[in-house]
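Numbering (the working numbering), first residue to last: 123 to 487.
Following this line, the structure appears as structure tokens:
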């Protein structure tokens with residue numbers, strides 16, 4: 123149940139980040155109309171998503187009414203706080219983000235400790251702890267924002283269409299990967315069963331710290347490219363080339379360390395109940411490296427206003443990868459190769475986006 127709810131929250135975060143977070147990074151957030159629209163979307167999306175998730179969990183019988191309320195509140199607060207973190211990233215105040223995260227984590231952890239001393243922990247208690255932690259993190263995040271960012275634009279001046287036109291494409295793009303991974307899981311359940319999919323997911327979780335770091339670096343690149351929108355495209359492509367080489371190369375180090383430590387570290391995750399297939403671990407490692415390689419080009423294209431092109435490439439790449447995974451599942455009745463196939467698809471998508479950007483340079487006067 124927790125994994126299912128977590129998966130939905132990840133998808134909601136991707137939509138919220140794409141629609142609002144990327145828009146506040148790239149668009150002119152200091153303009154009154156844009157600022158007001160970001161405020162409207164930045165409240166409406168988290169509140170609506172949190173409410174729907176809580177009601178859905180309660181209606182499905184997954185949570186009691188009170189725990190469903192805790193889920194709704196924690197989700198909404200998390201999504202709003204994440205937007206404040208994006209504001210800090212857009213201002214390159216990364217040290218303050220660490221302070222915000224530490225405050226939220228500490229508060230949630232202490233809440234769980236207190237609850238555990240007086241009661242048996244249930245899933246709903248985690249949502250309650252998260253709600254309290256995110257409430258504190260939100261207050262801290264607002265307090266450490268740079269002064270020019272702490273102002274409220276009149277809602278009546280909201281230019282909702284401008285933000286929606288840019289952010290909706292970014293939201294779609296951010297949703298493609300979670301949707302593709304969900305498709306692979308569902309297909310795996312149908313072809314090879316829950317045990318094999320469990321090994322696939324455990325291998326992904328084992329290497330997830332690398333993917334999380336790469337995701338954070340992608341956000342940093344969005345802010346940096348947004349700050350350099352006035353530079354020539356050819357110069358920015360060279361910067362993207364350097365970033366792609368640096369990130370993908372650097373990601374090889376933690377991937378290699380994770381593979382080397384697998385005999386010792388993996389049993390801590392699996393409890394020694396099953397092993398993690400080497401080809402699957404290598405596949406997720408390749409997927410992480412390919413994601414790091416592709417991120418600079420997709421980010422640059424989005425900053426340059428080609429977010430529709432990025433979505434088109436991502437959809438095509440994902441559709442082909444999904445089809446190949448289905449063929450391999452049908453032919454071999456194994457899912458261990460799926461991460462490697464997804465990684466190859468991601469890398470090809472990155473090369474495709476770079477070629478599109480280079481053609482744009484050739485068309486420039």
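No residue lacks a Cβ here, since even glycine has one placed at the ideal position from N, Cα and C.
Cβ shell of residue 314 (< 8 Å), same chain only, five flanking positions each side left out: 451, 455, 456 and 457, listed in sequence order.
Using three-state DSSP, classify residue 214 as helix, strand or coil. coil
By DSSP, does residue 178 sit in helix, in strand, or in coil? helix
Taking 6 Å as the cut-off, is the beta-carbon of residue 477 closer than that to any non-hydrogen atom of the ligand COA? Although the ligand COA was asked about, the structure shown includes no ligands whatsoever.
Threshold first: 3 residues or longer. Then list the beta strand (DSSP E) segments lying entirely within the region 428-456, N to C. List check, beta strand (DSSP E) in window: nothing returned.
Hey, would you say residue 222 sits closer than 7 Å to residue 355, going by beta carbons? no
Going by DSSP in three states, residue 276 sits in which element: helix, strand or coil? coil
Spatial neighbours of residue 293 within its chain, please: CB distance less than 7 Å, with the 5 preceding and 5 following residues excluded, ordered by chain position. 137, 140 and 141
In or out: residue 439 buried (at least 16 other Cβ within 10 Å) or exposed? buried
Could you tell me the distance, in whole angstroms, from the CA atom of residue 216 to the CA atom of residue 304? Here the alpha carbons of residue 304 and residue 216 stand approximately 31 Å from one another.
In terms of alpha-carbon separation, which member of 446, 429 and 460 lies closest to residue 295? Per the Cα distances, 429.
Taking 6 Å as the limit between beta carbons, can you name the residues of its chain near residue 419, skipping five residues before and five after? 362, 472, 475 and 476
Report yes if the CB atom of residue 443 is closer than 7 Å to the CB atom of residue 463, and no otherwise. The answer is yes: Cβ separation under 7 Å.
How should residue 131 be labelled, buried or exposed, when 16 other C-beta atoms within 10 angstroms of its C-beta is the threshold for buried? buried
Can you tell me the Cβ-Cβ gap for residue 171 and residue 134, rounded? I've got them flagged as a contact below 8 Å. 5 Å
What does a CB cutoff of less than 8 Å around residue 302 pick up in its chain, not counting 5 residues either side in sequence? 440, 443, 444 and 464
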